[in-house]
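Asks: -9 is the number of the first residue of the sequence shown in our numbering; add one for each residue after it.
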Amino acid sequence: MIEIKNLHKAYGALEVLKGVSVTAHRGDVVSLIGSSGSGKSTLLRCANLLEDSQQGDILFKGEPVQWKGSGLGRHPADNKQVTRIRTNLSMVFQQFNLWAHMTILQNVMEAPCTVLGRERGEVDAAARRYLDKVGIGDKCDAYPAQLSGGQQQRAAIARALCMEPEALLFDEPTSALDPELEQEVVRVIKDLANEGRTMLIVTHDMKLAADVSDHVVFLHQGLVEEEGAPEQLFGAPKSERLRGFLSATRAA
-9 MIEIKNLHKA YGALEVLKGV SVTAHRGDVV SLIGSSGSGK STLLRCANLL
41 EDSQQGDILF KGEPVQWKGS GLGRHPADNK QVTRIRTNLS MVFQQFNLWA
91 HMTILQNVME APCTVLGRER GEVDAAARRY LDKVGIGDKC DAYPAQLSGG
141 QQQRAAIARA LCMEPEALLF DEPTSALDPE LEQEVVRVIK DLANEGRTML
191 IVTHDMKLAA DVSDHVVFLH QGLVEEEGAP EQLFGAPKSE RLRGFLSATR
241 AA
C-alpha cells in the first residue's frame, strides 16, 4: 500500500531523514517510534506529500510519485497525482486541526464535499455514521471549543474516515491528551486496527504500538535503527539505542 525507499529530507543544512525505508502492506499497522527529533513526523509528512523530500522514492499501491528537479529543488511533478494520493492517505494530526467556526458535523463533511465533490446528503449520512463509530454521534451540532481534547481528536479521526481513504496516517494522535482522554482515542485506533485498516502511526505510546502494530520501526537520528514485530522489538531489542529508549520510556 505504502512503500518508502531510501528517503532523504533536509531543512537547509539540517538533514532529518538520512535514507529511511518503510513498507506498509494492505491491512498492516506500522508504528514509528523514537525520541523527539528522530524524524518520525517528518517521515509521515513526506509520505503524505505535505513535505518535499530530496532523494528516494515514495510509492502508493505500487505507483511511484513523479518528481521534477533535484536536491532541495525537488518537487512533485504532477499535482493531480498529489491530490489523488493525498485523498487516499487521510492524516490525523496531533493538534486536531478542526475548524473552530464549523460544527463537528460540518468539519467531518467539508473535505468529502469540497475535495471529492460528493453529494451532501450522502456525505451527511456517512459523517453521522463515522461520528457514531468513534463514539461522539451526539456531538454533531457542537463546536470544537465545546468538546474535550479526546472528543476533538475522535472528531478528527471521523473526518479522516469520511474521506474513505485506503490508509490512515496518525501523527502522535494521543500526545496532546491527558491519560484519561488518551484512552478514548486509543480504543478507537484499536478498533480500526481490528478492522484491518492500513495505518502508519507515529506514537510515543509504547503500549499502543505493542498492542496494535504488525510491524514497529525504531528511528534514531534520521535512520532506521531497528525494526520488526512488536514482540521482538519490545521483548528482545537487539540495539543498545533501542534498549536505552525503551528503558527511558518505561521510567517515565
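Cβ coordinates follow ideal geometry from the N, Cα and C atoms, glycine included. Values in this document were obtained by computation on a predicted structure and should not be read as measured data.
Could you please give the first and the last residue of the uninterrupted beta strand (DSSP E) stretch that includes N(-4)?
Replies: Residues I(-8) to Y1.
Asks: Between A200 and chain B, is there a C-beta pair that is closer than 7 Å?
Replies: Judged by its chain identifiers, the structure shown contains no chain B, having just a single protein chain.
Asks: Would you say G212 and K(-5) are within 7 Å of each other, going by their C-beta atoms?
Replies: For G212 and K(-5), no; Cβs fall outside 7 Å.
Asks: For F160, which of helix, strand or coil comes out of DSSP?
Replies: Of the three classes helix, strand and coil, the one that applies to F160 here is strand, per DSSP.
Asks: Kindly give me the distance between the Cβ atoms of E270 and T164, rounded to whole angstroms, as I take these residues to be in contact under 8 Å.
Replies: As shown, the chain starts at -9 and ends at 242. That puts residue 270 outside it, with no answer to give.
Asks: Name the residue from L88, C152, L232 and E215 whose alpha carbon lies nearest to the alpha carbon of A132.
Replies: With distances taken between Cα atoms, A132 lies closest to L88.
Asks: Who are the near neighbours of Q56 in its chain, counting only those whose CB is closer than 8 Å to its CB and skipping five residues on each side?
Replies: Cβ within range, chain order: P66, A67, D68 and Q71.
Asks: Could you tell me which uninterrupted alpha helix (DSSP H) segments, each at least 4 residues in length, are contained entirely in the stretch 8 to 83, listed from first to last along the chain?
Replies: Runs found: 30 to 37 and 69 to 78.
Asks: With a Cβ-Cβ cutoff of 7 Å, do G52 and F208 count as a contact?
Replies: In this structure, F208 does not lie closer than 7 Å to G52 by Cβ.
Asks: Rounded to whole angstroms, what is the Cα-Cα separation between Q44 and K(-1)?
Replies: Rounded to whole angstroms, Q44 to K(-1) spans 6 Å at the Cα level.
Asks: In whole angstroms, give me the CA-to-CA distance for Q141 and S60.
Replies: The straight-line gap from Cα to Cα measures roughly 42 Å.
Asks: For the alpha helix (DSSP H) holding T104, just list the boundary residues, first then last.
Replies: Start and end: I94 to T104.
Asks: Strictly by DSSP, which residues pair up with F208?
Replies: For F208, which the question treats as bridged, DSSP gives the partners I23 and E216.
Asks: Give the range of the beta strand (DSSP E) segment to which V192 is assigned.
Replies: Segment T188 to V192, the beta strand (DSSP E) holding V192.
Asks: Taking the alpha-carbon of V12 as reference, which of S138, R64, S229 and M(-9) has the nearest alpha-carbon?
Replies: Of S138, R64, S229 and M(-9), the residue nearest in Cα terms is M(-9).
Asks: Is it buried or exposed for D18, if we count other Cβ within 10 angstroms and need 16 for buried?
Replies: Buried, because 16 or more other Cβ atoms sit within 10 Å of the Cβ of D18.
Asks: On the three-state DSSP scale, how would you describe E5?
Replies: In this structure, E5 counts as strand in the three-state DSSP scheme.
Asks: Using only the alpha-carbon positions, how far apart do N184 and L79 sit?
Replies: Roughly 19 Å separates the two Cα atoms.
Asks: Tell me the rounded alpha-carbon separation between R76 and F86.
Replies: Approximately 18 Å, taken between the alpha carbons.
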